[in-house]
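Chemist: Structure incoming, see below.
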Amino acid sequence: MLTGIHFLLTYKCAFECDHCFVFGSPFAEGTFTLAQVRDVLEQARQIGTVKTIYFEGGEAFLFYPLMLESIRQARALGFKSGIVTNAYFATTEEDAALWLQPLAELGIADLSISDDAFHFDEQDNAAKRARRAAQKLGLPVGSICIEQPTVAANVARKKGEPVVGGGVMFRGRAVEKLIADLPRVAWDEFTECPHEELEKPGRVHVDAYGNVHLCQGLCLGNAWQTPLASLVKKYRADAHPIVAPLLRGGPAELVRAFDLPHEDAYVDACHLCYRARQALLDRFPQYLAPRQVYGME
Ligand code: SF4
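Just so you know, we're using the working numbering here: the sequence shown kicks off at 32 and counts up by one.
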């Protein structure tokens, strides 16, 4: 049952991290207008099962007035709200409080702050300053920490599991930037999608182009062409040209179903899935979009 809508409020970001799924950067295009936010919120209300609305990106705080007004409207419709941020704005703890105080007044349910070496390299970094400020304001705050890929020696591995740990999922820029020299697993071992509920999604991401993502760049349709509530109601995983093979036999089956060229081995299931989807972009533009999350403008 769909209970969460996550706005990719913008693809713009203050940073350009190597592990970013969606190729966020200071130069990325694709930011919601307030009218588009209103439209999606109204559709979310019509779905009837949605409880929580998240605002993320890119970096949602780059469009601060839009983010605040969007949260206010989501709250007015009775949704719980959450935000994901890298807290780039937290120059000091006192300054961070200036940005966070209005969120405390709006009553958000979660503030998730990215705090890892991809985003920051100092010990007392912006994420930690924002976290302390949020705690003082009584905001519910958590951290997201993705580590550099590591290779754990002598650890038993189940079939289809990557050899690499650290929490990076190899989609988007992570594939372009982080895979060199990492150990790989035979392509036909990746027989399931390990991370997403593709059959009955519990949450979807919506971007400013109207794309409704089941996983970054894998879409169930476009909300500017068909209203979100209708897309969700009509979604059938077994009729989706990309999801159906993924459910039958993971990224390996996606490769087989379309007879795609492939390498002998990949770092993880997402690496194979991302490369297979990239090869299918021109064939299924309504389901594999936007091109910028595949590193193509
Ligand atoms: S296997 Fe594909 S659909 Fe599943 S989480 Fe990885 S990239 Fe997304």
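Don't be surprised by glycine CBs; every beta carbon is placed ideally from N, CA and C.
Predicted, not measured: the structure shown is a model, and the values here were computed from it.
(1) Taking the straight line between their C-alpha atoms, what separation do you get for C250 and L259?
(2) By the DSSP assignment, the alpha helix (DSSP H) with S56 in it spans what residues?
(3) Please list, in chain order, all residues with a C-beta atom less than 6 Å from at least one heavy atom of the ligand SF4.
(4) How would you write the range of the alpha helix (DSSP H) that H293 sits in, first residue to last?
(5) Let me confirm a value: Y42 is counted as buried when at least 16 other C-beta atoms fall within 10 Å, else exposed. Which label applies?
(6) Can you check whether the CB of G233 is closer than 8 Å to the CB of M32?
(7) Give every residue of the same chain whose Cβ lies closer than 8 Å to the Cβ of L137, excluding the five residues on either side of it in the sequence, and list them in chain order.
(8) Under three-state DSSP, which class holds A310?
(9) Could you name the residues of the same chain whose beta carbon sits closer than 7 Å to that of A288, not counting the 5 residues immediately before and after it, in chain order?
(10) Alpha carbon to alpha carbon, how far is A165 from Q154? Give it in angstroms, no decimals.
(11) What does a CB cutoff of less than 8 Å around A140 pick up in its chain, not counting 5 residues either side in sequence?
(12) Rounded to the nearest angstrom, what separates F63 and D238 at their Cα positions?
(13) From D126 to F86, what distance separates their C-alpha atoms?
(14) Consult DSSP for I139 and reduce its assignment to one of helix, strand or coil.
(15) With distances taken Cα to Cα, identify the nearest neighbour of Q317 among D295, G252, L303 and C224.
(16) Taking contact to mean at least 3 C-beta pairs separated by less than 8 Å, is the region 115-123 in contact with the region 64-72?
(17) Give the straight-line distance between the Cα atoms of C304 and F221, rounded to the nearest whole angstrom.
(18) Could you check where the beta strand (DSSP E) with K231 kicks off and where it finishes?
(19) So, are the CB atoms of L262 and E230 less than 8 Å apart?
(20) Check the DSSP bridge columns for C246 and list the partner residues they point to.
Modeler: In short, the structure shows the following:
(1) On the sequence shown, position 219 is the one that residue 250 refers to. On the sequence shown, position 228 is the one that residue 259 refers to. If you take the alpha carbons of C250 and L259, they lie about 12 Å apart.
(2) As a first step, residue 56 must be located in the sequence shown, where it is residue number 25. Premise fails: S56 is in no alpha helix (DSSP H) and is neither H nor E.
(3) R202, C224, H226, E227, C246, L249, L277, P282, A300, C301, C304 and Y305
(4) Counting from one through the sequence shown, the residue named residue 293 turns up at place 262. It is not in any alpha helix (DSSP H) - H293 carries neither H nor E in the DSSP assignment.
(5) Here the question's residue 42 lines up with position 11 in the sequence shown. Y42 should be labelled buried.
(6) As a position in the sequence shown, residue 32 is number 1, starting the count at 1. As a position in the sequence shown, residue 233 is number 202, starting the count at 1. Yes, the pair counts as a contact, with Cβ atoms nearer than the cut-off.
(7) Mapped onto the sequence shown, residue 137 falls at position 106. Only L99, I102, R103, R106 and S112 meet the Cβ criterion.
(8) Taking the sequence shown and counting its residues from 1, the one referred to as residue 310 is at position 279. Helix at A310.
(9) Taking the sequence shown and counting its residues from 1, one reaches residue 288 at position 257. Result list for A288: P276, in chain order.
(10) Translated into positions along the sequence shown, residue 154 becomes position 123. Translated into positions along the sequence shown, residue 165 becomes position 134. Computed Cα separation, rounded: 18 Å.
(11) On the sequence shown, residue 140 is found 109 positions in, with the first residue counted as 1. Cβ neighbours of A140 beyond the five flanking positions: T83, K111, S112, G113 and P171.
(12) Taking the first residue of the sequence shown as position 1, residue 63 is located at position 32. Taking the first residue of the sequence shown as position 1, residue 238 is located at position 207. Approximately 7 Å between the Cα atoms of the pair.
(13) Looking up residue 126 in the sequence shown gives position 95. Looking up residue 86 in the sequence shown gives position 55. Distance between the alpha carbons of D126 and F86: 21 Å.
(14) As a working mapping, residue 139 is identified with position 108 in the sequence shown. Coil at I139, not helix or strand.
(15) For the purposes of this step, residue 317 is taken as the residue at position 286 of the sequence shown. Of D295, G252, L303 and C224, the residue nearest in Cα terms is G252.
(16) no
(17) Looking up residue 304 in the sequence shown gives position 273. Looking up residue 221 in the sequence shown gives position 190. Distance between the alpha carbons of C304 and F221: 9 Å.
(18) Position 200 of the sequence shown, counted from the first residue, corresponds to residue 231. From DSSP, K231 is part of no beta strand (DSSP E); its letter is neither H nor E.
(19) By one-based count along the sequence shown, residue 262 stands at place 231. By one-based count along the sequence shown, residue 230 stands at place 199. Cβ distance not < 8 Å, so L262 and E230 don't count as in contact.
(20) By 1-based counting over the sequence shown, the position of residue 246 is 215. C246 pairs with L249.
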